[in-house]
Structures are given as C-alpha cells and as structure tokens.
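Q:
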Amino acid sequence: MVKIDAIVRPNKFESVKSALIQLGVEGMTVSEVRGHGRQKGHTEVFKGREYSVDLLPKIKMELVLAEDLVDDAIDTILTTAYTGSIGDGKIFVYDLKDVIRIRSRERGKVAI
Amino acid sequence: MKSIMRQRESLSFAEKLTRLSGRLRDPEWRKYGATLLTGKMAGVASTLLIMAAVTGIFFSKVLAADSTVKAADVVNPVNTAWALIAAFLVFGMQVGFTMLEAGFCRSRETVNVLMECIVDTCLCGILFYAIGFAFMFSHGNGFIGYHWFFLQGAPETYESTGVAFLAVWIFQFAFADTCSTITSGAMIGRTGFVGDLIYSLGVSGFIYPIIGHWAWGPDGFLATMGASGYFLPTLGMSFHDFAGSTVVHTIGGFIALAGSIVLGPRLGRKFKRDGGGPMLPHDLTIAASGGLILWFGWYGFNPGSTLSAMDIAGIGRVSANTTLAACAAGLTAMMYAYIVSKKWDVGFTVNGFLAGLVAITCPCYWVSPTGAIALGGIAGVVVCLGVELLEWLRIDDPIGAVPVHGICGIWGTLSLGLFACGKYGATGPLGPDNSAPLTGLLYGGGLTVLKAQFIGSAIITCSTFAVAMVLMWAVNLTGTLRVSEEGELYGLDLHEHGISAYPEYVISSLAAPAGMPADLTVGQPQGHGVGKLVTE
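As they're listed, the protein sequences go chains A and B.
Be aware that the first sequence starts at 1, since it is given in our numbering, and climbs by one per residue.
Be aware that the second sequence starts at 1001, since it is given in our numbering, and climbs by one per residue.
Written as structure tokens, this is what we have:
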C-alpha cells in the first residue's frame, strides 16, 4: 500500500479530483495549506508600504492506494495539475505500513 | 353630394379651398355645415359647464395661509424635525466608525474595538447630559459655560434657533460621540479597556466640551473674537467652523495623536524607515463599507448644522459641497497612491474620501461647489502625505485617524480663509442672513478670514494636544493605559473580553458545539449499537 501527498494549486484541484475519481480512486483527505518552494513567494504593497507574501495557499490531497493504481494516479495528477508556471506543486510518495477501517476493523488492502 | 363624398384621391390645399367655396354655394352642404358647427359649439359649452360644476362642488374650499405665519406653529417644528433627522444620521456614523476601525485592525483586537466604540458612546451620552452640554453650549464666560448642569433649568428652545432644547442636545451629543470615537482610532490594539474608560471620561466630559465652547459656545472667546470688547478686537473677524473640522475632528485627531505617542506602537510593529511593512487589515469589506456609511452620516453632520430647514439654499449647498469634496478627495488620494506604489490602493482611497469630508466640514456653508472640489482634492493628497509623515515619525496609527481627522481638520479650517466665496454669511431659523458674507483670499477678500482661521485653529490644536498629552501621561501612570505584553500577544479580545471575534475559527475544538461535554458518550444509554465487529 502506498500513500501519496499531492500539493496542487487551488484552482487546479477540481480537475485533479474528478480525474482521480474517474480513475477509480475511492477516498481522499483534502486540506487547505500554505507554503512555498524555492521561489519563497513575492512582495506586495498596501498603503504605500511593502510586505512579503511568502506563504502561498495550496491544496494538499492525501491518497492511500494499492500498488497497481499508484503509477496511473501519479500520471493523472501530473497531467491535470500542470500549468507550466512556478507554483504547480509537488507529489510525495510514501510506503504505508497499515490501513484500518474504524467501523468494521478491517485491515490491509481490504480497508482502502 | 354622395358622389363627392366617395372621392378617394388626396387633394392639394388649393384644391381643397376650391372645394370649400363650391360647397358653400350648395344649400345642402350649408345645412350640413351649420349642423356640424352647432354640435361642436354645444359640445364645448357643455364641457365648460361640467368643469365649472365640478370645481364648484369639490374645490370651493381653498386652504388659505394665515396672514402672519407664526414661527412657533410651523417654522420651529420644521427646524426641529430637520435637526433631529440630522442628529440620527450623525449617530449613524457610529456604525461607520465601528466598521472602519474593526476592518482596519487585526482580528485579534476586533472585539476590543467593538466594545470601545459602544462603551464610548454610552459614556459620552451620560457625560454630555451631566456636564458636557453645560460646559459647551451654555452661557458662562469665554472659556466655559456654567449653566444647565444635568440639563436643569433649561429653556424650551435653544437660544435663537427655535429648535427644541433636547433636540439640540441630542444633535450635539452625536457630535461629541464622533469626537470621542475618533480618539480611540489611533490607539487600537494596545489600549487597556479600563484606560480607555478613564481617558474617555476626560475627553467627553472635559476636553471636547470645554475647548469646543471656545468656538461654539454662545460666548466662546473664539466665536466672539474680533469685535471690540472681545478677544483680539482689531482682528475684525471671528473664528468660523460650520460643522466642526476643528471642534470635532482636529480635537479628536490630536487627542488620538497624544494617545498613540504615549502608548507607543503595537508589539512587533516595524516602520517603513526601518524596513518594515504594514500590519495588515483583517476585513476590508467591513472597513470600506464603514467608510461609506460615514459618508452617508456626514449628510446629517454638515447640512444639519444649519439647525434650520428654512435656509433651503444653505442646506442644499452644504449637502452638495459635502458630496463634491468627498468625491474629489477620493480620486486624488487614489491617484497619489497609484503614482507612489503602482497599485490602486483601497486603504488610501477610503482614507482619501474621509479626508475630503473632514476638510469640507468647516467651510461647507461658505464655499461654492467648485471651491469644494478644489479643497477636497487637496485634502486627498494631504491625508496621504500625513500617513507617510506619521510612519516616518514612528507613530503607530492603525487606521490613519490622525492624518484624516487631525491634519485634514486643520486644512479644512484654513481652507475657509482661501475658498470662502463672498456670497454667504450666516444661517438662521427663518432663512439665511447674507448681509455680511465671508470672503476668502482667492475671491478678493484679503487675509482677514485666513488670519482668524489660523489663530483659532492654532489655539485649539495646541491646547488640545497639550492637555491630551497630560491626560494620557496621567492615565499611563495608573498603569491602565497600555495592556500587558502577554495580553497584547495573546490578543486583546481574549485577554480583556474573554472571546475572540471569530470564535468558530479560532478557539473552539473543531466540530464540538460550545458547552457540550468533552466525552460525547456520557449520558447515552449503554448498548446502543455502534456496528458489529467484523472478524477476519
């Protein structure tokens, strides 16, 4: 079992989500996060004074998948979340130790 | 005849004349014509008869005016109603101030701003009833009034205005409330609530009424100055402040300045010259909407100061001037911000139109609409420069209260000396009295008005600032003026008021309604199925 964290632009999130559901991904956890990469944000001006905007809003999707779905899911995310500009986001892939469904206490692949 | 009537071709005018002369010679046509004419005459006559009959039945009672209009019957009620409508509009400015201040501060001090605005209003009402109105508007000497404490022994109408006494009281209370709210503007984010109560006592009870008496009291020394037997008899001109650029706004602004100097900046505030940026506002929707509500309330502030609906030219002109000054100032402030930062800045624009309104408040009765646009446009730039000045002096003014009210209040007062157009003199309960119009420098009136304005503004500004510094310093000595450091970092809302402005997003545990027990199974009957166990 594999966990994928995908950090994507907020305005790309809907297309990523529908593409993943079409692919067969059955569950996800989504949070609104802020962060930056190598560019470290930019400066704005308010009332004549400059201030730095170095934490930009993004959407983080956490997906738990069986091995056979992982490559397809990653390809889907790469295609739908891409714009070509700085700030497209990142995907992190982890090995997952166990998955447990709370209602039925099922463990393992059955619980995904 | 029939053959002629069946004719379908259209005839020219000459042909029609020929046809007419032909018909007149025909006896049948003559009878037909006579009948037609008689019928038309009868129709006209009966119409006129019906009109006369209807008029006679329904409109014979005409409401004729009395030969002498008694002031007490009509004029005083009209003027009192006008004064009250204006008073309610000015009170509506409290909503505007609350929204403006709350919007420009951070969310962690919002409840503190709301409480201060509400409580300042309540305190001001009681103080103005007890001593404020007495100090400010009763007879006494040039510095202070000493009648009508607790509104005792008051006449039915106020002085020569003919307006009901208590209506004038509430109208002036609304002005006092405005001044009191301005003072808290520059001090938000780090003022202790008890300190705010104490200094508000001083402002609403003493500073505003007493200094205001000098300009607006019936025997105030600035109001009567320039005549023989009074202050500066050779000046030949008294101090004029129609609706309070100086009395309300400069006084409020400079008390705010004293307060923010004594308090010091908010923790973590870095100024522009030290490389810092702004502390960002938390809700610009509320801030901008509050500004517009203030503009709306200003339509009571300025035109209402005639206390006379009979001066129709006056109230119309004042309303128009108020509008135009605000419009011009908003635009020039916005342009200044764009030139300086390449952004269409909302903070400067809102402060801009407010500055225009403050500036027009003094001269609104005596300038032309063109003059209003000019002095408003200048105010829009002055306020932006004022914001930069305070930033450079390392004075933390979160909403720009000092540049908007203090500095543009001075500009508005002085601008009367330039822009008074020489046509308007004084308002009155039965109509205007333009026998001694005010003429400013730009209309050939020389420096007289400008000198009087400068003297009045300087005296009031300096005395206000001096007294306010003493007051703030004294309150600071009691230790209540500034909150503790932990309190300020924790957030004034939670520290002083026990709740945040947005508790759902800030402090309650997600999804648990406040007040529910932490353990949700407590009190539930045992054995309720939670789902069967699934064994592998």
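Virtual Cβ for every residue (Gly too), placed ideally from N, Cα, C.
Predicted, not measured: the structure shown is a model, and the values here were computed from it.
Let me see if you follow: with CB-CB separation under 7 Å, is B:P1369 close to chain A or not?
A: Taking the first residue of the second sequence as position 1, residue 1369 of chain B is located at position 369. It does not; no Cβ of chain A falls within 7 Å.
Q: Cβ of A:T83 within 6 Å of any heavy atom in the ligand GTP?
A: As for the ligand GTP, it is missing from this structure, which has no ligand bound.
Q: Would you tell me roughly how many angstroms separate the C-alpha atoms of B:P1281 and B:D1241, rounded to the nearest one?
A: The residue labelled residue 1281 of chain B in the question sits at position 281 within the second sequence. The residue labelled residue 1241 of chain B in the question sits at position 241 within the second sequence. When rounded, the distance between both Cα atoms is 33 Å.
Q: If we cut at 7 Å on Cβ distances, does B:V1382 have a partner in chain A?
A: Along the second sequence, read from residue 1 onward, the residue named residue 1382 of chain B stands at position 382. Chain A, which has no Cβ nearer than 7 Å to the Cβ of B:V1382, makes this no.
Q: Against chain B, with Cβ distances strictly below 7 Å, would A:R38 count as a contact?
A: Position 38 of the first sequence, counting from 1, holds the residue named residue 38 of chain A. It does not; no Cβ of chain B falls within 7 Å.
Q: Can you name the residues of chain A whose CB is closer than 9 Å to the CB of B:V1340?
A: For the purposes of this step, residue 1340 of chain B is taken as residue 340 along the second sequence, with counting starting at 1. Among the residues of chain A, those whose CB is under 9 Å from the CB of B:V1340 are V45 and G48, following chain order.
Q: Label B:L1011 either buried or exposed according to how many other C-beta atoms from any shown protein chain fall within 10 Å of its C-beta, with 16 as the threshold for buried.
A: Here residue 1011 of chain B is taken as the residue at index 11 of the second sequence, counted from 1. It is exposed - the Cβ of B:L1011 has fewer than 16 other Cβ atoms within 10 Å.
Q: Which of the three DSSP states, helix, strand or coil, is assigned to A:P57?
A: Here residue 57 of chain A corresponds to residue number 57 of the first sequence, with the count starting at 1. Here A:P57 sits in strand by DSSP.
Q: Here's a check: name, in chain order, each residue in its chain whose Cβ is nearer than 8 Å to the Cβ of B:G1290, leaving out the five neighbours to either side.
A: Locating residue 1290 of chain B in the second sequence gives position 290, counting from the first residue. These residues qualify, in order along the chain: V1095, G1096, F1097, T1098, M1099, L1100, E1101, A1102 and G1103.
Q: Does A:D95 come out as helix, strand or coil in the three-state DSSP assignment?
A: Position 95 of the first sequence, counted from the first residue, corresponds to residue 95 of chain A. Strand, per DSSP.
Q: Should B:V1090 and B:A1174 be called a contact, given that it needs their Cβ atoms to be closer than 7 Å?
A: What you label residue 1090 of chain B is simply residue 90 of the second sequence in a count that begins at 1. What you label residue 1174 of chain B is simply residue 174 of the second sequence in a count that begins at 1. Contact flag set, yes.
Q: CB B:V1475 to CB B:I1210, shorter than 7 Å?
A: On the second sequence, residue 1475 of chain B is found 475 positions in, with the first residue counted as 1. On the second sequence, residue 1210 of chain B is found 210 positions in, with the first residue counted as 1. No; because the gap between Cβ atoms is not below 7 Å, this pair is not in contact.
Q: Can you find a C-beta in chain A that's less than 7 Å from the C-beta of B:K1270?
A: Your numbering for residue 1270 of chain B matches position 270 in the second sequence. No, no contact with chain A.
Q: Does the beta-carbon distance from B:A1326 to B:W1295 come in below 7 Å?
A: On the second sequence, residue 1326 of chain B is found 326 positions in, with the first residue counted as 1. On the second sequence, residue 1295 of chain B is found 295 positions in, with the first residue counted as 1. Going by C-beta atoms, B:A1326 is nearer than 7 Å to B:W1295.
Q: Roughly how many angstroms lie between the CA atoms of A:G108 and A:A66, to the nearest whole one?
A: For the purposes of this step, residue 108 of chain A is taken as the residue at position 108 of the first sequence. For the purposes of this step, residue 66 of chain A is taken as the residue at position 66 of the first sequence. One C-alpha to the other measures close to 10 Å.
Q: Is DSSP giving A:E32 helix, strand or coil here?
A: Translated into positions along the first sequence, residue 32 of chain A becomes position 32. Residue state, collapsed to three classes: strand.
Q: Would DSSP call A:V25 helix, strand or coil?
A: As a working mapping, residue 25 of chain A is identified with position 25 in the first sequence. In the structure shown, A:V25 sits in coil (DSSP, three-state: anything other than H, G, I, E or B).
Q: Is A:D5 helix, strand or coil when you go by DSSP?
A: As a first step, residue 5 of chain A must be located in the first sequence, where it is residue number 5. DSSP places A:D5 in strand when its eight states are reduced to three.
Q: CA-CA distance, A:N11 and A:G84?
A: Locating residue 11 of chain A in the first sequence gives position 11, where the first residue counts as 1. Locating residue 84 of chain A in the first sequence gives position 84, where the first residue counts as 1. Looking at the two C-alpha atoms, the distance is approximately 14 Å.
Q: Determine, using beta carbons only, whether B:G1185 comes closer than 7 Å to chain A.
A: For the purposes of this step, residue 1185 of chain B is identified with residue 185 of the second sequence, where counting begins at 1. No, its Cβ sits nowhere closer than 7 Å to a Cβ of chain A.
Q: Run down chain A in chain order and give the residues with a C-beta less than 8 Å from the C-beta of B:P1278.
A: Sequence index remark: in the second sequence, residue 1278 of chain B carries index 278 (1-based). Neighbours of B:P1278 across chain A, judged by C-beta separation under 8 Å: F46, K47, R49 and Y51.
Q: Measuring only the C-alpha atoms, how far is A:K97 from A:M1?
A: In the first sequence, residue 97 of chain A corresponds to position 97, counting from 1. In the first sequence, residue 1 of chain A corresponds to position 1, counting from 1. Each residue's Cα considered, the two are about 7 Å apart.
Q: Taking 7 Å as the threshold (C-beta atoms), are A:V8 and A:A81 in contact?
A: Here residue 81 of chain A refers to the residue found at position 81 of the first sequence. Here residue 8 of chain A refers to the residue found at position 8 of the first sequence. Against a cut-off of 7 Å, the Cβ pair of A:V8 and A:A81 comes out as a contact.
Q: Ignore the nearest five residues each way along the sequence and tell me which others in B:A1256's own chain have a CB closer than 8 Å to its CB.
A: Within the second sequence, residue 1256 of chain B is the residue found at index 256, counting from 1. So the qualifying residues of the chain are I1182, T1183, S1184, G1185, A1186, M1187, D1397, A1401, V1402, H1405 and G1406.
Q: Suppose the cutoff is 6 Å on Cβ atoms and the five residues either side in sequence are ignored; what does the same chain contact list for B:S1457 look like?
A: Taking the first residue of the second sequence as 1, we reach residue 1457 of chain B at position 457. Counting only Cβ-Cβ distances below 6 Å, and skipping sequence neighbours, we find T1246, I1410 and T1413.
Q: Would you say B:G1347 lies against chain A (beta-carbon separation less than 7 Å)?
A: Walking along the second sequence from the start, residue 1347 of chain B turns up at place 347. Yes, because at least one Cβ of chain A sits closer than 7 Å to the Cβ of B:G1347.
Q: If you count every other CB in all the chains shown that lies within 10 Å of the CB of B:A1328, and 16 or more means buried, which is it?
A: By 1-based counting over the second sequence, the position of residue 1328 of chain B is 328. Buried, because 16 or more other Cβ atoms sit within 10 Å of the Cβ of B:A1328.
Q: Is B:A1176 buried or exposed, if buried means 16 or more other CB atoms sit within 10 Å of its CB?
A: Position 176 of the second sequence, counting from 1, holds the residue named residue 1176 of chain B. B:A1176 comes out buried.
Q: Rounded to whole angstroms, what's the CA-CA distance from B:G1043 to B:L1017? Just pull it up for me.
A: Along the second sequence, read from residue 1 onward, the residue named residue 1043 of chain B stands at position 43. Along the second sequence, read from residue 1 onward, the residue named residue 1017 of chain B stands at position 17. The straight-line gap from Cα to Cα measures roughly 27 Å.
Q: Using a Cβ-Cβ cut-off of 7 Å, state whether B:K1343 counts as contacting chain A.
A: Against the second sequence, residue 1343 of chain B aligns to sequence position 343. Yes, B:K1343 counts as interfacial toward chain A.
Q: What are the boundary residues of the alpha helix (DSSP H) that includes B:E1496?
A: Locating residue 1496 of chain B in the second sequence gives position 496, counting from the first residue. It spans L1492 to H1497 - the alpha helix (DSSP H) in which B:E1496 sits, taken as one unbroken run.
Q: With 16 other CB atoms within 10 Å as the buried threshold, where does B:E1391 fall?
A: Start at 1 with the first residue of the second sequence, and residue 1391 of chain B comes out as number 391. With 16 or more Cβ atoms within 10 Å of its Cβ, B:E1391 is classed as buried.
Q: Just checking, does the region 1106 to 1118 of chain B make contact with the region 1487 to 1502 of chain B on the three C-beta pairs under 8 Å criterion?
A: By the criterion of at least three beta-carbon pairs nearer than 8 Å, the region 1106 to 1118 of chain B is in contact with the region 1487 to 1502 of chain B.
Q: Residues of chain A with CB closer than 7 Å to the CB of B:E1388, please, in chain order.
A: As a working note, residue 1388 of chain B is residue 388 in the second sequence. Chain A residues near B:E1388: G48.
Q: Can you name the residues of chain A whose CB is closer than 8 Å to the CB of B:A1329?
A: Here residue 1329 of chain B is taken as the residue at index 329 of the second sequence, counted from 1. Identification of chain A residues near B:A1329 by a Cβ-Cβ cut-off of 8 Å yields none; the smallest Cβ-Cβ distance measures about 16 Å.
Q: Run through chain A and tell me which residues come within less than 9 Å of B:A1287, C-beta to C-beta.
A: In the second sequence, the residue the question calls residue 1287 of chain B occupies position 287. Under the 9 Å cutoff, chain A gives no residues; its nearest Cβ is about 12 Å from B:A1287.
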